[in-house]
Amino acid sequence: MKRTFSTHWNSSKQPRKQRKYRAKAPLHIARKMLATNLSKELRKKYGKRNLVLRKGDVVRIMRGKFKKKQGKIIEVNTKKKIVRIEGIQKKKADGSNAGISLKPSKLQIVELNTDDKKRIKMENKKQKQEENKVKEKVNKTKEEKE
């Protein structure tokens, strides 16, 4: 089996090749695999369907034992492609609590951590797009009247 990651790989129906692609992916590509969808309110606000998870985002769990629970992300592990959420724990046999790792595909972003400059830019970009649409409509109506 080839140990290196191939950027030329397009797709395959074979699950073993799909698993290999995810397992051997370099971190800059694996990071994109940590994307999850936004809630309906955030979709309208930002004009995007999904975003990469970040520490500090508030997410809702959509599948599994902890379904419908919300929490703040405390750790994002790009290498293992998992996320840990504050307050989501299970009891171990000895009685102590252990944090649970979740896959991003089982989560939905409810609230964004906007400490990052790029995320703030994204919000401003959406507002500018809406302003441009309004201006275009006004220009069209002016042209039609003339």
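Quick note on numbering: our numbering labels position 63 of the sequence shown as 66, and the sequence is numbered without any gaps.
Glycine included, C-beta positions come from ideal geometry on N, C-alpha and C.
Secondary structure in the region 9-41: the alpha helix (DSSP H) runs of 4 residues or longer, each lying completely within the stretch, are 18-27, 30-33 in chain order. Here the C-alpha atom of lysine 84 lies approximately 48 Å from the C-alpha atom of asparagine 142. Considered as a whole, the region 74-109 harbours 85-94, 100-105 as its complete beta strand (DSSP E) runs of no fewer than 3 residues, in chain order.
Between leucine 110 and valine 62 the beta-carbon gap is near 4 Å, inside 8 Å, which marks them as a contact. The distance from the Cβ of asparagine 53 to that of leucine 41 is about 6 Å, consistent with a contact at the 8 Å cut-off. Counting other Cβ atoms within 10 Å of its Cβ, valine 137 stays below 16 and is therefore classed as exposed. The region 106-123 and the region 58-73 touch, with three or more beta-carbon pairs separated by less than 8 Å. Under the three-state reduction of DSSP, arginine 6 is assigned to coil, being neither helix nor strand. Valine 86 is a Cβ neighbour of serine 104, given a cutoff of 9 Å. Taking leucine 56 as the centre and dropping the five residues before and after it, the same chain places the C-beta of Leu37, Ala38, Thr39, Val62, Ile76, Val79, Val86, Pro107, Leu110, Ile112 closer than 8 Å to its C-beta, in chain order.
Annotation for glycine 50: Lys129, Gln132 place their beta carbon closer than 7 Å to its own, counting only its chain and skipping 5 residues before and after.
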